[in-house]
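J.: Heads up: the sequence lines are chains A and B, in that order.
Residue numbering for the first sequence follows our numbering, beginning at 1 and increasing consecutively.
Residue numbering for the second sequence follows our numbering, beginning at 1001 and increasing consecutively.
Ideal Cβ positions, reconstructed from N, Cα and C, are used throughout, including at glycine.
Protein chains: 2
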Amino acid sequence: MGAQRRKQEENAAGQGTDPGENGRSATIRDVAVRAGVSAATVSRVLADNYPVAPKTRQRVLRAVQELNFVVNTHARALAGVRTETVAFVLHDVRGPSFTEAAYGVEREANRRGRLCLICSTEGDQERELAFVKLMREQRASAVILIGGVRDDEQYRARYTEIAHSLHAAGSRLVLCGRPPLGPDVPATVVEYDNEGGAYAITTHLLANGHRRILYLGGALTHTTSQARLAGYHRALDDFGVEPDPSLIEHGEFTRNSGYERTRARLAKSGARPFTAIFAETDMVAAGALTALDEGGVAVPGEISLVGYDDIELAGDLRPRLTTVHVPYEEMGRTAVRLALDLKEGRSRAADQHVVLGTHVVVRQSVGRRRPG
Amino acid sequence: MGAQRRKQEENAAGQGTDPGENGRSATIRDVAVRAGVSAATVSRVLADNYPVAPKTRQRVLRAVQELNFVVNTHARALAGVRTETVAFVLHDVRGPSFTEAAYGVEREANRRGRLCLICSTEGDQERELAFVKLMREQRASAVILIGGVRDDEQYRARYTEIAHSLHAAGSRLVLCGRPPLGPDVPATVVEYDNEGGAYAITTHLLANGHRRILYLGGALTHTTSQARLAGYHRALDDFGVEPDPSLIEHGEFTRNSGYERTRARLAKSGARPFTAIFAETDMVAAGALTALDEGGVAVPGEISLVGYDDIELAGDLRPRLTTVHVPYEEMGRTAVRLALDLKEGRSRAADQHVVLGTHVVVRQSVGRRRPG
DNA sequence: TTGAAAGCGCTAACAC
DNA sequence: GTGTTAGCGCTTTCAA
Chain A
1 MGAQRRKQEE NAAGQGTDPG ENGRSATIRD VAVRAGVSAA TVSRVLADNY
51 PVAPKTRQRV LRAVQELNFV VNTHARALAG VRTETVAFVL HDVRGPSFTE
101 AAYGVEREAN RRGRLCLICS TEGDQERELA FVKLMREQRA SAVILIGGVR
151 DDEQYRARYT EIAHSLHAAG SRLVLCGRPP LGPDVPATVV EYDNEGGAYA
201 ITTHLLANGH RRILYLGGAL THTTSQARLA GYHRALDDFG VEPDPSLIEH
251 GEFTRNSGYE RTRARLAKSG ARPFTAIFAE TDMVAAGALT ALDEGGVAVP
301 GEISLVGYDD IELAGDLRPR LTTVHVPYEE MGRTAVRLAL DLKEGRSRAA
351 DQHVVLGTHV VVRQSVGRRR PG
Chain B
1001 MGAQRRKQEE NAAGQGTDPG ENGRSATIRD VAVRAGVSAA TVSRVLADNY
1051 PVAPKTRQRV LRAVQELNFV VNTHARALAG VRTETVAFVL HDVRGPSFTE
1101 AAYGVEREAN RRGRLCLICS TEGDQERELA FVKLMREQRA SAVILIGGVR
1151 DDEQYRARYT EIAHSLHAAG SRLVLCGRPP LGPDVPATVV EYDNEGGAYA
1201 ITTHLLANGH RRILYLGGAL THTTSQARLA GYHRALDDFG VEPDPSLIEH
1251 GEFTRNSGYE RTRARLAKSG ARPFTAIFAE TDMVAAGALT ALDEGGVAVP
1301 GEISLVGYDD IELAGDLRPR LTTVHVPYEE MGRTAVRLAL DLKEGRSRAA
1351 DQHVVLGTHV VVRQSVGRRR PG
């Protein structure tokens, strides 16, 4: 698929003579010829970084207009001029929490004169890799990945390699909410206190007298889920409550999963073996709430409910959802800040691992319960 | 800022000798030297499109590993190999409706083997232009813009030019939910029946006996708002109801704007001059509902409420929000489909304008009212 | 099976 | 002020 052959094919397939539609687009050379000057002069006019006679400039600009000339970034980049970009990769653009982080990335990147490119992978690792590859090849300033993963040998090996290859390309890998890869891997990590948040909110439930708390979790292998579940267990332990495995469920981080799982539980037995529900994300909590609502169960009267993430939706639910606030936007901003500061020599490699705090936001979905 | 000078500066600023950190990254030439072959051979190994002796291949791959070599897309693109991408531009990644469209774009682009790049502009036209420029220069297959605009001469002139320059660069401009630019402009337009949806839902309110409907709109100059307001007026007209200008409000498309405006109205007078609220987006409706809730106003008992967009949130509100469904995801998919089909010669220019339908989704936020 | 060489489109020293 | 020229890093003929 060489340049030449490709262009010929395009021409052969062409339907019209409209320049640009099929024929090759105008180059700086074409403009030069039309304006009766050299390519260098055109380049100067375009870059506007060098004195050019007004009349010449006029002619060049006219030619540019007439030919509908568009510079080729690739050629320009090759010649040394960079358009700095920051890339952000998430699973799903529709997910409310990660887009909050995307927003933070975007703002900070912009504040520092970079363009921000976002890519959604639908959780497909191949796609993630393809995008990282593209960004690496385009020499993006930083590539920021967000979203829990399955933390195994394969993960570490794979991302360690990615970190190195990005580094070799003059870019930087940033992991948001993912486990660090090791001390010698050139990657920036921005985590948040996942376990601590889960601990705190479980404690909140326990302090309100709840002892049997249904846990609506994500996939068992998912690092985010593991950390949250760990916090839940630690809190139980601190209160001397024996954990009941039958109260732990694993599923997806979707509204629907929360809905279905809650419905199934509600249908199961007359005497409910739990007085509160800890949904691992607000989305799951929203689904659970709908199921509770449909089942005629009062919240927090009969059952208390808490979520995690503190997305905007939490305040729209009725009752308003008590949840754990995660500083997603700040994570995004921090990710960009750390990576760029490092590149600009304003930060040291040792400071490339940050853990942001989380905290409980008490709203209306938790009620007091006399334990026993 | 030439390549040479830049590199020297980078070296000067360097802290370590780690290759890649500051020094220039390895090129195909470096790999060739290390492997004791020519650059052409390395290229062949990498592209894997040509027979190469197994042993040579081994040596090359090893050298690639050792040097952490990463091809330079720019050079590659310049030499004729394209990574096809589709670009999507929206105002805010956090906005629920447009990200639905982004999802559609992403899926369809992916189905057709393209990578999808998303850019959020925070409503900044300059940023939008910068991104479009970048994508044009990178020769993206299509550049898709979504979000209402101020429809004036400047808009038309500006985007007509963009359409032409994208076309000249072999790309294609797609406008989602924005007014067409004219018959001779090379742009694809995917609209939805904005006015029709507003008409239908207003009719729904009117049919339920509501005559005084508070309208919580967006900016007056915004095309989306204009169309929705037009639908509202047409419905009133069809029912022989005199529109009351004091019931029309303009503001922003945010939760908070809906909240504040509703609160102000509620505070204003004891005798409320309206029995229903038409919020121009579900987001605004969510805010209005909170205000109503706080004011102790029963919905739909005392006041009915409808929104527009049918985002997921609509089903989470209590009462569940009656609203207008807009096929955002389909818009995204359609945008990609039309643009790529055209490029592939599987569609004609005449079919590059599509209007998708909208419809009312009846849930629980509208009550009957005895008119008078 | 491999290498040499030309060229993709642009930029920036260096001459004039 | 403007043109000439030498690359940037890669791919792909063409020749060996």
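Can you say whether Arg-1346 of chain B is buried or exposed, counting buried as having 16 or more other CB atoms within 10 angstroms of its CB?
T.: exposed
J.: Which residues in the same chain as Leu-247 of chain A place their Cβ atom closer than 8 angstroms to its Cβ, once the five residues preceding and following it in sequence are excluded?
T.: Arg-212, Ile-213, Leu-214, Tyr-215, Pro-273, Phe-274
J.: Quick one: measure Cβ to Cβ for Ile-1118 of chain B and Ile-144 of chain A, integer angstroms, because I've assumed they're closer than 8 angstroms.
T.: The Cβ separation is near 14 angstroms, so there is no contact.
J.: In whole angstroms, what separates the C-alpha of Gly-1258 of chain B from that of Leu-342 of chain A?
T.: About 42 angstroms.
J.: Take Asn-68 of chain A as the anchor and find which of B:Ala-1163, B:Asp-1048, B:Phe-1098 has the nearest alpha-carbon.
T.: It is B:Ala-1163 whose Cα lies nearest to the Cα of Asn-68 of chain A.
J.: By DSSP, does Leu-317 of chain A sit in helix, in strand, or in coil?
T.: coil
J.: How about the region 98-116 of chain A and the region 330-344 of chain A: do they share at least three Cβ pairs that are nearer than 8 angstroms?
T.: yes
J.: Keeping to the same chain, check which residues put their C-beta closer than 7 angstroms to that of Gly-1209 of chain B; ignore five residues upstream and five downstream.
T.: Within the same chain, Gly-1209 of chain B has close Cβ partners Arg-1368, Arg-1369, Arg-1370, Pro-1371.
J.: Could you give the distance in angstroms between the alpha-carbon of Ile-201 of chain A and the alpha-carbon of Ser-97 of chain A?
T.: 18 angstroms
J.: DSSP state of Arg-1212 of chain B, grouped into three classes?
T.: coil
J.: Starting from Gly-1091 of chain B, follow the alpha helix (DSSP H) in both directions and report where the run begins and ends.
T.: Note on residue identity: the sequence assigns His, not Gly, to residue 1091 of chain B. Boundaries for His-1091 of chain B: no alpha helix (DSSP H) harbours it, and the DSSP string shows neither H nor E there.
J.: With Tyr-1192 of chain B as the anchor, note down where its beta strand (DSSP E) starts and where it stops.
T.: 1187-1192
J.: State the DSSP-derived secondary structure class of Gly-1217 of chain B, mapped to helix, strand or coil.
T.: strand
J.: CB Tyr-1192 of chain B to CB Gly-1231 of chain B, shorter than 8 angstroms?
T.: no
J.: Measuring only the C-alpha atoms, how far is Ala-1267 of chain B from Glu-1153 of chain B?
T.: Cα to Cα, the separation comes out at about 40 angstroms.
J.: In angstroms, rounded to a whole number, what distance separates the CA positions of Leu-1061 of chain B and Val-1045 of chain B?
T.: Our two residues, Leu-1061 of chain B and Val-1045 of chain B, have alpha carbons roughly 8 angstroms apart in a direct line.
J.: Using only the alpha-carbon positions, how far apart do Gly-307 of chain A and Phe-131 of chain A sit?
T.: 32 angstroms
J.: If we cut at 8 angstroms on Cβ distances, does Asp-282 of chain A have a partner in chain B?
T.: no
J.: Strictly by DSSP, which residues pair up with Thr-1322 of chain B?
T.: B:Val-1306.
J.: Taking the continuous alpha helix (DSSP H) assigned at Phe-1131 of chain B, which residues delimit it?
T.: 1125-1137
J.: How would you label Asn-49 of chain A, buried or exposed, when you count the other beta carbons within 10 angstroms and need 16 or more for buried?
T.: exposed
J.: Is it buried or exposed, Val-1089 of chain B, if we count other Cβ atoms within 10 angstroms and call 16 or more buried?
T.: buried
J.: Would Ser-120 of chain A pass as an interface residue toward chain B - the criterion being a Cβ-Cβ separation below 8 angstroms?
T.: yes
J.: Return the bridge partner residues of Phe-278 of chain A from the DSSP annotation.
T.: A:Tyr-215, A:Val-306
J.: Put Gly-1201 of chain B into one of helix, strand or coil per three-state DSSP.
T.: It is Ile, not Gly, that sits at residue 1201 of chain B in the sequence shown. Helix.
J.: Roughly how many angstroms lie between the CA atoms of Asp-1151 of chain B and Arg-1348 of chain B, to the nearest whole one?
T.: If you take the alpha carbons of Asp-1151 of chain B and Arg-1348 of chain B, they lie about 27 angstroms apart.
J.: How far does the alpha helix (DSSP H) with Ile-162 of chain A in it reach, from first residue to last?
T.: Here the alpha helix (DSSP H) through Ile-162 of chain A covers 153-168.
J.: Taking the alpha-carbon positions, what's the Val-362 of chain A to Val-1360 of chain B distance?
T.: Approximately 36 angstroms, taken between the alpha carbons.
J.: Note down, in chain order, all residues in the region 1152-1172 of chain B with a beta-carbon under 8 angstroms from any beta-carbon belonging to chain A.
T.: His-1164, Ser-1165, His-1167, Ala-1168, Ala-1169, Gly-1170
J.: Using the beta-carbon of each residue, which ones in chain B are nearer than 8 angstroms to Thr-99 of chain A?
T.: Val-1093, Arg-1094, Thr-1099
J.: Can you confirm whether Phe-274 of chain A, when its beta carbon is compared against all beta carbons of chain B, has any partner nearer than 8 angstroms?
T.: For Phe-274 of chain A, the nearest beta carbon of chain B is not closer than 8 angstroms to its own beta carbon.
J.: Restricting to Cα atoms, I'd like to know which of A:Asn-72, A:Ile-303, A:Arg-34, A:Val-297 is closest to Val-64 of chain A.
T.: A:Arg-34
J.: What number of angstroms, rounded off, separates the C-alpha of Glu-252 of chain A from the C-alpha of Ser-25 of chain A?
T.: Across the structure, Glu-252 of chain A and Ser-25 of chain A are spaced so that their CA atoms are roughly 48 angstroms apart.
J.: Could I get the ranges of all uninterrupted alpha helix (DSSP H) runs contained in the region 1326-1365 of chain B, with 4 residues as the minimum, in chain order?
T.: 1328-1343
J.: Less than 8 angstroms between the beta carbons of Asp-293 of chain A and Ile-311 of chain A, yes or no?
T.: no
J.: Going by DSSP in three states, Glu-312 of chain A sits in which element: helix, strand or coil?
T.: coil
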